[in-house]
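Everything on this sheet refers to the single structure shown next.
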Amino acid sequence: MDRCSNGDLRARPARRPERMRTIYLFCRYNKAVKMRPDMYKLVALDLDGTLLTTDKKITARTRWAIHQLVEQGVIIVLASGRTLTGIQGVINALSLDSNNVYVISCNGAQIWSASTQHFISNQLLQAGDVHCIRQWGCRIGMVCYAQHTSGLVVEVDQDIPIRASRYSHLSIHLTADERLLNTPVPKVMFIDDVETIDYLSERLPAEIKNKYQCVRSEPNYYEMMVKGVNKGNACRILATHLDILPADILAIGNERNDCEMLRFAGRGIAMGNADDVVKRCADDITTSNDDDGVANAIERFCLH
């Protein structure tokens, strides 16, 4: 018994048995996974700095949130500057049904269906383009790396030091093989310290800027693709292919190569760890990649 403020005795409220409380909480938790009536049909996710934590992991909460979307038939698009090979491991880590998964790789140069194992779009720089960009890089004392499926390819006989390994985890292959050097590729890259990439981006000549799609995808990366290639246009191509409206798309990213995608989507969400340029492109901002930013966004905008 408890005593009231006036001195009267009253019965203490019955305490809910622990098992009953557990079931009650479980039911409340399950209510949260019902889809909103205005549910998005496609969710596009950047990888590094967005879906992946700083140590390149996917948290259990983020994996759970994505699986809730897939169970309701929402299409998941992994959109990255990485190659398709570099994205495959993330698909495996998520254990996703291939029927609901598409990949936008190399900043939008390639769109791939996990179910058919075929490209929907594949826009490549030709050998002449790679040679042109490589020659310009040589003139300013920088190495141009061509992105192949197996990694970055660079001429073995050049005098410029190969510095990319200091700033990138990507595999680098030195070669004198003309077949490799003259193969069409989805993108080329310059990789160096932040100050050198600043220097490059500030001195980009009009002949390069106007002919190719140029983007700083990370502080140490400057990349070039076919003109018009970006994640936003890739989402547009895929949405048309799937007969999905931009309003039915939610996109999440953190780097400047995500800006077009965030603008194109019906709702673009910047990560808390994104810089101010990216945040200004977004409709909303979530928490950082190390604080379940993707899960928080999905739960807020897609799940009750």
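Offset between the sequence shown (1-based) and the working numbering: plus 771. Positions of the beta carbon are idealized from the N, C-alpha and C atoms, including for glycine. Keep in mind the model is a prediction, meaning the values are calculated, not measured.
{"query": "Apart from the five residues on each side of it in sequence, which residues of its chain come closer than 6 Å, Cβ to Cβ, to Asp-1062?", "result": "none"}
{"query": "Considering only their Cβ atoms, is the gap separating Thr-954 from Thr-854 smaller than 8 Å?", "result": "no"}
{"query": "CA-CA distance, Asn-981 and Leu-896?", "result": "14 Å"}
{"query": "DSSP three-state label for Arg-974, please.", "result": "coil"}
{"query": "Measure the beta-carbon distance from Ile-847 to Leu-867 and round it to whole angstroms, keeping in mind my assumption that it falls under 8 Å.", "result": "6 Å"}
{"query": "I need the straight-line Cα distance from Asn-1060 to Ala-1053, nearest angstrom please.", "result": "16 Å"}
{"query": "Could you pull the DSSP bridge partners for His-902 from this structure?", "result": "Answer by DSSP bridge pairing: none, since His-902 is not bridged."}
{"query": "For Leu-1016, count the other beta carbons within 10 Å of its own beta carbon; 16 or more makes it buried, fewer makes it exposed. Which is it?", "result": "exposed"}
{"query": "Flag this pair as yes or no: are the beta carbons of Val-1000 and Ala-836 separated by less than 8 Å?", "result": "no"}
{"query": "Are Gly-820 and Asn-1044 closer than 8 Å when you measure CB to CB?", "result": "yes"}
{"query": "Using beta-carbon positions only, say whether Leu-1074 and Gln-894 come within less than 8 Å of one another.", "result": "no"}
{"query": "Going residue by residue through the segment 802-841, where are the continuous beta strand (DSSP E) segments of at least 3 residues, counting only ones entirely within it?", "result": "813-816"}
{"query": "So, with DSSP's three-state summary, where would you put Cys-1073?", "result": "coil"}
{"query": "Once the 5 residues before and after Val-901 are set aside, which same chain residues still bring their CB inside 7 Å of it?", "result": "Ala-917, Val-956, Val-959"}
{"query": "May I have the straight-line CA-CA distance separating Asp-1055 from Arg-910, to the nearest angstrom?", "result": "42 Å"}
{"query": "Should Lys-998 and Tyr-983 be called a contact, given that it needs their Cβ atoms to be closer than 8 Å?", "result": "yes"}
{"query": "Between the Cα of Gly-860 and those of Lys-828, Asp-1046, Leu-952, Glu-994, spot the shortest distance and give me the residue it belongs to.", "result": "Lys-828"}
{"query": "According to DSSP, simplified to helix, strand and coil, what is Asp-1061?", "result": "helix"}
{"query": "Looking at the secondary structure, which residues open and close the alpha helix (DSSP H) in which Arg-1007 lies?", "result": "1002-1013"}
{"query": "Give the C-beta separation of Ala-1022 and Leu-1033 to the nearest angstrom, bearing in mind that I take them to be a contact with Cβ-Cβ under 8 Å.", "result": "5 Å"}
{"query": "Are Ala-815 and Ala-850 touching if we call contact CB-CB under 8 Å?", "result": "yes"}
{"query": "Classify Asp-964 as buried or exposed, calling it buried when 16 or more other Cβ atoms lie within 10 Å of its own Cβ.", "result": "exposed"}
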